[in-house]
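Report on one structure; see the data block that follows.
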Amino acid sequence: MTHPPQTATPAMADAQAVVDFWLAAGPQKWFAKDTHFDAEFRQRFQEAHFAAARQALTHWLRQPQSALALILLLDQYPRNAFRDTGHMFATDGLALAYARQSLAHLGQFAPELRNFILLPYMHAEDLPTQDEALALYREHAPEAMPWAQVHRDVIAQFGRFPHRNPALGRQTTPEEQAFLDQGGFSG
12 MTHPPQTATP AMADAQAVVD FWLAAGPQKW FAKDTHFDAE FRQRFQEAHF AAARQALTHW
72 LRQPQSALAL ILLLDQYPRN AFRDTGHMFA TDGLALAYAR QSLAHLGQFA PELRNFILLP
132 YMHAEDLPTQ DEALALYREH APEAMPWAQV HRDVIAQFGR FPHRNPALGR QTTPEEQAFL
192 DQGGFSG
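Going by the numbering used here, the final residue of the sequence shown carries number 198, and the count climbs one at a time with no gaps.
In C-alpha cells form, the structure reads like this:
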C-alpha cells in the first residue's frame, strides 16, 4: 500500500519560512541597518512575532529548526521590525527563556546559526547572564566570542546598555554619555 508523502504541518511550515527567510538574507543583512530588509521582515512575520510573544508557539521548542525560528522571532525580528523603539527589546526576556530551553539543539546547527540561539544571552542586561554567555560562546560559537566579551564588558561597567536609553526612556548618566561620545558600544 502506498502512502501519500508527508507534508509539514502549517505551524512547522511557518517556522521553516522564518528560518528560510533569515538564511536567504545572510550575514550581509543580519546585523546591518537596511530599511528594505526591515520592512520585508516586519511585513512577512509580524503575525508570527506577536503569536510568539503571546507564547502561542511554544510547541516550536520541540524541534531544532522551529526553536531557532521562535528565537529569531523574539530576538532578531523586533530589532529589525521595531528599530529605534522600546519594542526592540520587549521580548528579550522570553527569547532568553526559550534560548535556555533550546541549548540541547545547539549541536545541530552550523556555528553562524548557533549564534542566534545564543544571542538572547548576549542581549541580556544582567551580569550573571552575560557570564553565562561567555561560557556558552567559548564552547559553542568561539568565532563570536569577541562580541560576547564586548557585551559583557558594557554590562559589567554600566549594568545596562547605554545605547538603549533613548528607546527605553531611560536617563543617560554622565559616565554613559562619555562612553557613547567616545564611540562606545552601539550593537
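Glycine included, every Cβ here is placed at the ideal spot set by N, Cα and C.
- If you draw a 10 Å sphere on the C-beta of residue 25, you find 16 or more other C-beta atoms in it, and that means buried.
- A Cβ-Cβ distance of about 7 Å is found for the pair residue 129 and residue 144, placing them in contact under the 8 Å criterion.
- Burial of residue 120 is indicated by the presence of at least 16 other C-beta atoms within 10 angstroms of its C-beta.
- The beta carbon of residue 125 is closer than 6 Å to those of 117, 151 and 152 in its chain, skipping five residues each way along the sequence.
- Collapsing the DSSP output to three states places residue 34 in a helix.
- Put simply, the backbone Cα of residue 61 is about 11 Å away from that of residue 53.
- In this structure residue 184 is exposed. Its beta-carbon is surrounded by fewer than 16 other beta-carbon atoms within 10 angstroms.
- Scanning 92, 101, 28 and 162 for the CA closest to the CA of residue 65 turns up 101.
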